[in-house]
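A.B. asks: Before anything else, here's the structure in question.
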Amino acid sequence: MPKLPQPEQSGTIQIMLDGKPIAVEQGSTVAVAIAIASLPCRTSVTGQPRGPLCAMGICFECRAAINGIAHRRTCQVLCEPGMDILTQ
Amino acid sequence: MNRVYDVVVVGCGIVGSACALECARAGMSVAVIEQDTPGSGATAAGMGHIVVMDDSPAQFALTSYSRSLWNELAAELPPSVEFNGCGTIWVAADDDEMAEVHRKLGYYTARGISAEVIDSAALREAEPNLRPSLAGGLRVPSDAVLYPPAAAAFLMDQARRHNAQLLYGRCVGAANGEVLLGDGTKLQAGIIVNATGAASPELTPGILVKKRKGHLVITDRHPGFLNHQLVELGYLKSAHSSTADSVAFNVQPRQTGQILIGSSRQYDDEDSGIDRAIVASMIDRAALYMPGIASLSVLRIWTGFRAATPDKLPLIGPTEDPTLFLATGHEGLGITTSLATARLLLDHLLNRASAIPLEPYLPSRMAVGAAHA
Amino acid sequence: MTQHFQTLVVGAGPAGIAAATCAAEAGSRVALIDDNLEPGGQIWRASRGKPGPDTSHGGGAAQWRKRLLASSVTRLQGWSVFDQPEPQTLRAEREATAANFSYDQLILATGARERFLPFPGWTLPNVMGVGAIQAMVKAGLPIRGKRVVLAGSGPLLLAVAATLHDAGAIVVCIAEQASLASLAAFSVSLAIDPAKLLQGLRYKAVTLGVPFHTGSWPLQARGTERVTSVVLSIHGRAEEIPCDYLACAFHIVPNIELPSLLGCRIEQGFVAVDDLQRTSVSNILCAGEPTGIGGLEMSLVEGEIAGLAAAGQFARAKRLVPKKRAMSGFATRLARAFALRPELKDLATDGTIVCRCEDVACGALRHHPTWRAAKLHTRCGMGPCQGRICGSAASFLLGWNADSVRPPMLPTFVSSLASAEKEALP
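Sequence order for the protein chains is A, B and C.
If you count the first sequence from 1, position 41 lands on 41 in our numbering, and the numbers rise without skipping.
Position in the second sequence (first residue = 1) + 88 = our numbering.
Position in the third sequence (first residue = 1) + 461 = our numbering.
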């Protein structure tokens, strides 16, 4: 995975979301990063857009692929520099 | 409620519902007794693999006949049944197993079952997630997979269109033309069909059916991970053994993109609880063939009981009680052979010639004193 | 490789923190295992960028955290327990690693989750739970200037409204399904518990100016890509209210999956325990919401009792029982005041999705006699939430009972089920 340049300003980090680099505050969860980008985390089996429902790791509505692994619960994962996120 | 029927089928699994449909379609009055919900026993627990097996001539005859019936029916099956003509690949790990692949090819093609040998490169192309060092395999394109509970429900629905009735209740007695339910209801039947699977000896004491426990694991949706049902040739050794606990690499792509991971066989364990050691060795075997399977997400693990007979062939046909017929003992081939079982049964009831001989499956073949080998 | 502890505590919410700390202070070798990134559970969930737990809900969060960190408790954060592979041993997963943890005494403090009831549009993005929106804001969701409608039921509505208000959100209104009469009776009863009165007044002060409708519930969430308005039933009229977020949940249901898996007796949906928090299984105790929804203070004292009992300090544990008993009145009055009204069963139409994992609508479920039949024939409950969300809803809508619990208790990697010698060390 190519290294993403990280911003000078401390407190923000760069991640990739659906192929685009975005800056997020350190300590944000991936679910929050996806929400800030106004994207749904996933599309349901009949094509509906979905985002977090419980935000505590139980509903699995916030699933997205993180660094190539599908079905990760994004509300339970902190953003890390260079992370590659693909909404499902 | 009408209490007199031409046929009362006990058990609305895949075999019972198939029998109900055949008999109802032939104009008989049919009732099916179900204690839970259609397709909730071994039908719900199994893999839904429709496969031609060459274990013995009689098994070959039954599975190939029944597979052709499924393929004829395929166009009528609703989406819920998830019928997928994806085919099977019997996977060969080494040259010894490739020799077996060639033998199987000869056997199948001589009998009109289309099959092709694929080499290591072709295998990798067909299934990129298999580990690269395998020798090759035998591809059987007309094998299929489906979701069994929906298939049982469909067959029962079709039977109801021909006026069959589904009655919920627990059957406590079935003999001499009379079926007794747990709530005291009595039904008169010209013919009773015991299609209760692994529990069939409880209803008809003395029949040589034993429980053979299996485990399955299902993953979340990972579309594109797997294209065919993949079975290692060692599966046959596992299915053949009558005594040892065993696991074999056997995986299935579901239409949802989920992967079903099997398979295991255990004797002498009537506990429906999950055996973690068996699951672990089943997973180890799967990961050996498909290393990428390790990072898939598991949603559920469950167990079920196959109905196993001493000679690995089902019991189809009359008992000493002229009103009582058996349609049970299908071991791991219940889904595959359900349609043929029903057809053979009807042929026998109508005293007409059947497409394949019924003799190998007749309950009377079980000599007194025969035990599981 | 199995790590062994004298006392293993599952769940690092208030009950678990209290249990682990007390057991360790009493001399037991303790581990506290929790699937979140930081201890605190839901109510004490830490905010991004702010060290330490959320202290706004009281209960002494900061003091308990200090005590926990000062104790000898081994904190295992980020681990999800999914099975009991053999007696006295739990198996858990963290990222792609799985490990076994064995124990002499086990304290289950698995807390509760919000109850979601389906209504048209509830699956739209930005419709989420009440505790959920608080968790998202704490995890960095920008909420300043955003319009939020809170709906559903329970004291959490007011508590979260306060948090959102503090964070600069526009709390448009709160729709509580309980009637004014039930709530009035509850408010009066608060006077009997002085600590609760203070909490109640604080919430009331914060939400001054925010319309608080009783006998009110959501009829529909509208929008296409995300929610843009919610139609509420307010005093019998339907009123459409534009919003950016709809936070809606109807109380909480206890997380009894792990206790069930371990064979603990469950009565009326809760784990049966004696005065010292001991379950029907020897060496297993349970504290907090899974034994009965009693709130923060109750969870803490139950945790203390369980921790002391696990460490063999029965006399000290017994001395706390009167304190616990004094609080049970509050728990009963809470449940009665906020009981769910039957109209909520009619919110879902035939086309409303009940199982979100598999997109199974209410109409498909209704004619099945049992949960198991519905599951087999509609796929409801066959998704990754393992029936937690839809099961609680179906239980309320259709009266069905859940299946028995099988491992894995949460989705795990295939590799976590492989043989022990293949796993990596934690």
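Glycine is no exception: its CB is placed at the ideal position from the N, C-alpha and C atoms.
For residue 600 (chain C), tell me which candidate among A:32, A:4, A:43 has the shortest Cα-Cα distance.
C.D. replies: Cα-wise, what sits closest to residue 600 (chain C) is A:32.
A.B. asks: Mind checking which residues open and close the alpha helix (DSSP H) that includes residue 309 (chain B)?
C.D. replies: Looking at the DSSP string, residue 309 (chain B) is not in any alpha helix (DSSP H); the run it does join, the beta strand (DSSP E), is 298-309.
A.B. asks: Nearest by alpha-carbon distance to residue 332 (chain B): which of B:355, B:429, B:420 is it?
C.D. replies: Ranking B:355, B:429, B:420 by Cα distance to residue 332 (chain B) puts B:355 first.
A.B. asks: When the distance is taken between beta carbons, is residue 41 (chain A) closer than 7 Å to residue 62 (chain A)?
C.D. replies: Yes, the pair counts as a contact, with Cβ atoms nearer than the cut-off.
A.B. asks: Express the C-alpha separation of residue 487 (chain C) and residue 614 (chain C) in angstroms, rounding to a whole number.
C.D. replies: Straight-line Cα distance between these residues: approximately 39 Å.
A.B. asks: Consult DSSP for residue 678 (chain C) and reduce its assignment to one of helix, strand or coil.
C.D. replies: Residue 678 (chain C): strand per DSSP, three-state reduction.
A.B. asks: For residue 124 (chain B), name the three-state secondary structure that DSSP assigns.
C.D. replies: It is coil, neither helix nor strand.
A.B. asks: According to DSSP, residue 29 (chain B) sits in a beta bridge with which residue or residues?
C.D. replies: Residue 29 (chain B) is absent from the model: chain B starts at 89 and stops at 461.
A.B. asks: Taking 7 Å as the CB-CB limit, is residue 387 (chain B) close to chain C?
C.D. replies: Yes, because at least one Cβ of chain C sits closer than 7 Å to the Cβ of residue 387 (chain B).
A.B. asks: Assuming residue 820 (chain C) and residue 46 (chain A) form a contact by the criterion Cβ under 8 Å, report the distance between their Cβ atoms to the nearest whole angstrom.
C.D. replies: About 4 Å; that satisfies the 8 Å criterion.
A.B. asks: In the segment 773-803 of chain C, which residues sit with their C-beta less than 9 Å from some C-beta in chain B, listed in chain order?
C.D. replies: Of all residues in the segment 773-803 of chain C, none has a Cβ within less than 9 Å of some Cβ in chain B.
A.B. asks: For a quick check, are the C-beta atoms of residue 470 (chain C) and residue 480 (chain C) less than 7 Å apart?
C.D. replies: Result yes, Cβ atoms of residue 470 (chain C) and residue 480 (chain C) sit closer than 7 Å.
A.B. asks: Considering only residues of the same chain and omitting the five flanking positions on each side of residue 871 (chain C), which have a CB-CB separation below 6 Å?
C.D. replies: Hits under 6 Å: 541, 543.
A.B. asks: Unbroken beta strand (DSSP E) runs of length 3 or more, entirely within the segment 329-395 of chain B: which are they?
C.D. replies: Counting whole runs of 3 or more residues, the segment 329-395 of chain B contains the beta strand (DSSP E) stretches 334-341, 346-353.
A.B. asks: Taking residue 787 (chain C) as the reference, which of C:755, C:796, C:466 has the closest Cα?
C.D. replies: Taking only the C-alpha atoms, the option nearest residue 787 (chain C) is C:755.
A.B. asks: Return the bridge partner residues of residue 707 (chain C) from the DSSP annotation.
C.D. replies: Paired residues: C:588, C:610.
A.B. asks: Over the uninterrupted alpha helix (DSSP H) stretch that includes residue 564 (chain C), give me the two end residues.
C.D. replies: From DSSP, residue 564 (chain C) is part of no alpha helix (DSSP H) but of the beta strand (DSSP E) over 558-569.
A.B. asks: Check for me: the alpha helix (DSSP H) holding residue 153 (chain B) runs from which residue to which?
C.D. replies: Per DSSP, residue 153 (chain B) belongs to the alpha helix (DSSP H) from 145-161.
A.B. asks: So which residues on chain A does residue 383 (chain B) lean against when the C-beta distance must stay under 7 Å?
C.D. replies: 69, listed in chain order.
A.B. asks: Since residue 575 (chain C) is in the beta strand (DSSP E), which residue starts that stretch and which ends it?
C.D. replies: It spans 573-575 - the beta strand (DSSP E) in which residue 575 (chain C) sits, taken as one unbroken run.
A.B. asks: Got a sec? Which residues, its chain only, sit under 6 Å from residue 673 (chain C) by beta carbon, not counting five neighbours each side?
C.D. replies: Cβ neighbours of residue 673 (chain C) beyond the five flanking positions: 635.
A.B. asks: Taking DSSP as the reference, what is the three-state secondary structure of residue 524 (chain C)?
C.D. replies: Three-state result, residue 524 (chain C): helix.
A.B. asks: So the candidates are C:509, C:563, C:826; which of them puts its Cα closest to the Cα of residue 12 (chain A)?
C.D. replies: Looking at the Cα atoms, C:509 is the closest of the given residues.
A.B. asks: Run down chain B in chain order and give the residues with a C-beta less than 7 Å from the C-beta of residue 553 (chain C).
C.D. replies: Within chain B, no residue comes near residue 553 (chain C); the closest Cβ sits about 14 Å away, beyond 7 Å.
A.B. asks: Could you check if residue 845 (chain C) is buried or exposed, using at least 16 other CB atoms within 10 Å of its CB as the buried criterion?
C.D. replies: So residue 845 (chain C) ends up on the buried side.
A.B. asks: Quick check on residue 75 (chain A): does DSSP put it in helix, strand or coil?
C.D. replies: Helix, per DSSP.
A.B. asks: As a quick exercise: from C:869, C:504, C:643, C:858, pick the residue whose alpha carbon is nearest that of residue 477 (chain C).
C.D. replies: Of the candidates C:869, C:504, C:643, C:858, the one whose C-alpha sits nearest the C-alpha of residue 477 (chain C) is C:504.
A.B. asks: Just grab the DSSP bridge partners of residue 692 (chain C) for me.
C.D. replies: In DSSP, residue 692 (chain C) forms a bridge with C:681, C:701.
A.B. asks: Express the C-alpha separation of residue 371 (chain B) and residue 218 (chain B) in angstroms, rounding to a whole number.
C.D. replies: Cα-Cα distance, rounded: 14 Å.
A.B. asks: How is the beta strand (DSSP E) around residue 493 (chain C) delimited, first residue to last?
C.D. replies: Note, residue 493 (chain C): beta strand (DSSP E), 491-495.
A.B. asks: Express the C-alpha separation of residue 564 (chain C) and residue 742 (chain C) in angstroms, rounding to a whole number.
C.D. replies: Looking at the two C-alpha atoms, the distance is approximately 14 Å.
A.B. asks: Check residue 140 (chain B) in the structure and name its three-state DSSP category.
C.D. replies: The answer is coil: DSSP assigns residue 140 (chain B) none of H, G, I, E or B.
A.B. asks: Within the 7 Å Cβ cut-off, does residue 308 (chain B) reach chain A?
C.D. replies: Yes, because at least one Cβ of chain A sits closer than 7 Å to the Cβ of residue 308 (chain B).
A.B. asks: Can at least three beta-carbon pairs, one atom from the segment 178-191 of chain B and one from the segment 432-441 of chain B, be found at a separation below 8 Å?
C.D. replies: Judged by Cβ distances under 8 Å, the segment 178-191 of chain B makes no contact with the segment 432-441 of chain B, as fewer than three pairs qualify.
A.B. asks: Rounding to the nearest angstrom, what Cα-Cα distance links residue 449 (chain B) and residue 751 (chain C) in this structure?
C.D. replies: When rounded, the distance between both Cα atoms is 54 Å.
A.B. asks: So which residues on chain C does residue 368 (chain B) lean against when the C-beta distance must stay under 7 Å?
C.D. replies: Simply 878, 879, 880.
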